[in-house]
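Student:
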Amino acid sequence: MSDTVRDKAARLLKKRGSISSLGSHEIKAKEFIGRTKDSMSTVSYMDEPGHHDDILRPPVQMENTYQLGPGKCFPLATVNNILKDVVTSYLEEEKYEAELCRQMTKTISEVIKARIKDLMIPRYKIIVFVSIGQLDKQSMQIGSRCLWDTTSDTFSSYAFKNRSLFAVANVYAVYFE
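Just so you know, the sequence shown maps onto residues 18 to 194 in the working numbering.
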């Protein structure tokens, strides 16, 4: 490898922010043998080596909290209001159409989940389940079973009906230890 090729490679590596694993003695040894490798291993970095601002970065604390229960209870009344507001606002004037209701279940679920996450309730996993069906002289029962801790895990449910459809929205809040 000639000096110009080595200089060009060093400049490219410096611009990218990488350090080559080949030392100058390895390059010279390969020149004498007559074999050169086409690839070099590199270590990439964001800044110049040795110029890190570790002082400005906040330290990351990854310790066990040993917290086995929530600090405060899950706000069921607020979640009930969110369920009622979202489901009613989306479905109040709608008529049942299969394709529209399929998309509406996804949309309503995402909106409910986003509004509950905006409450910033720590360490709770939120599961939202919305069912929409046609209202037409039939009977339907929706049931669910969960394995959870009754002291910290909870759920909220809201049922909605208009002239052509019904909807059931369930929110499960499971405390994550």
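Note that beta-carbon positions come from the ideal geometry of N, C-alpha and C, so glycine has one too.
Along the chain, where does the alpha helix (DSSP H) that runs through Y192 open and close?
Tutor: Y192 -> not in any alpha helix (DSSP H); beta strand (DSSP E) instead, spanning L182 to Y192.
Student: Could you name the residues of the same chain whose beta carbon sits closer than 6 Å to that of F49, not counting the 5 residues immediately before and after it, in chain order?
Tutor: Residue confidence for F49 is low, a pLDDT of 48 falling below 50, so the modelled location carries little weight; the figure read from the coordinates is stated next. Closer than 6 Å at the Cβ level, and outside the excluded window around F49, lies no residue.
Student: Write down every uninterrupted run of the beta strand (DSSP E) in the segment 81-132 whose length is 3 residues or greater and which is fully enclosed by it, in chain order.
Tutor: none
Student: Could you tell me whether the segment 115-127 touches the segment 163-177, where touching means 3 or more Cβ pairs closer than 8 Å?
Tutor: no
Student: Kindly give me the distance between the Cβ atoms of N97 and F146, rounded to whole angstroms, as I take these residues to be in contact under 8 Å.
Tutor: No, N97 and F146 are not in contact; Cβ-Cβ is about 15 Å, not under 8 Å.
Student: Pull up the CB-CB distance for I159 and I143, whole angstroms please, since I reckon it's below 8 Å.
Tutor: With a Cβ gap of about 19 Å, I159 and I143 do not count as contacting.
Student: What distance in whole Å lies between the Cβ atoms of L108 and N179, which are believed to be in contact at a cut-off of 8 Å?
Tutor: 7 Å
Student: Distance, Cα to Cα, I172 vs S156?
Tutor: Here the sequence assigns Phe to residue 172, which means Ile is not the residue at that position. About 24 Å.
Student: Taking buried to mean at least 16 other C-beta atoms within 10 Å of its own C-beta, is Y83 buried or exposed?
Tutor: exposed
Student: Could you pull the start and end residues of the beta strand (DSSP E) that V147 belongs to?
Tutor: It spans Y141 to Q151 - the beta strand (DSSP E) in which V147 sits, taken as one unbroken run.
Student: Rounded to whole angstroms, what is the Cα-Cα separation between Q151 and S174?
Tutor: Distance between the alpha carbons of Q151 and S174 is about 19 Å.
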